[in-house]
Amino acid sequence: MEHEIEIITGKVSVDHIHMFISYRPTQNISKIMQWLKGINSRILLSEFAHLRRQFWGKHLWARGYLAVSSGNLTDEMIEQYIEEQEGEPVADDSRFQIDPP
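Quick note on my numbering: the sequence shown kicks off at -17 and runs consecutively.
This is the structure:
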């Protein structure tokens, strides 16, 4: 399977998203982000006409991202950090599922 990514938890803020994901160590994080942003953008633009008008000829997501590995942190520490961020929780939310193409 090409995209074996598990979204463990996350939060959606007004201008950014926090996600705690699990992926194979052989996967390239830049490719994962490209895939997540691409499929998400296609879904959002196909479901919400006002976004298609607003972002016609533009990019929905910014070019950059911040990725941090959990080397010296525990999963619980990361989940607590995300929980403390402002925004709407996305864990256990079926609307936040990303299915492989």
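Ideal Cβ positions, reconstructed from N, Cα and C, are used throughout, including at glycine.
- Query: Rounded to the nearest angstrom, how far is the Cβ of Glu58 from that of Phe2, given a contact under 8 Å?
  - Reply: Here the question's residue 58 lines up with position 76 in the sequence shown. Here the question's residue 2 lines up with position 20 in the sequence shown. About 11 Å separates the two Cβ atoms, so there is no contact after all.
- Across which residues does DSSP place Ile(-13) in a beta bridge pair? Position 5 of the sequence shown holds residue -13. DSSP output for Ile(-13) lists Tyr5 as bridge partner(s).
- Measure the beta-carbon distance from Arg6 to Glu(-14) and round it to whole angstroms, keeping in mind my assumption that it falls under 8 Å. Numbered from its first residue, the sequence shown carries residue 6 at position 24. Numbered from its first residue, the sequence shown carries residue -14 at position 4. About 6 Å separates the two Cβ atoms, so the contact holds.
- How should Lys(-7) be labelled, buried or exposed, when 16 other C-beta atoms within 10 angstroms of its C-beta is the threshold for buried? By one-based count along the sequence shown, residue -7 stands at place 11. Answer is buried; the Cβ neighbour count reaches 16.
- Between the Cα of Asp(-3) and those of Ala44, Arg24, Gly53, Ile64, spot the shortest distance and give me the residue it belongs to. To locate residue -3, count along the sequence shown from 1; it is residue 15. Ranking Ala44, Arg24, Gly53, Ile64 by Cα distance to Asp(-3) puts Ala44 first.
- Item | Cβ-based burial, Ile25 [other Cβ within 10 Å; buried from 16] | For the purposes of this step, residue 25 is taken as the residue at position 43 of the sequence shown. Looking at its Cβ environment, which holds fewer than 16 other Cβ atoms inside 10 Å, Ile25 is exposed.
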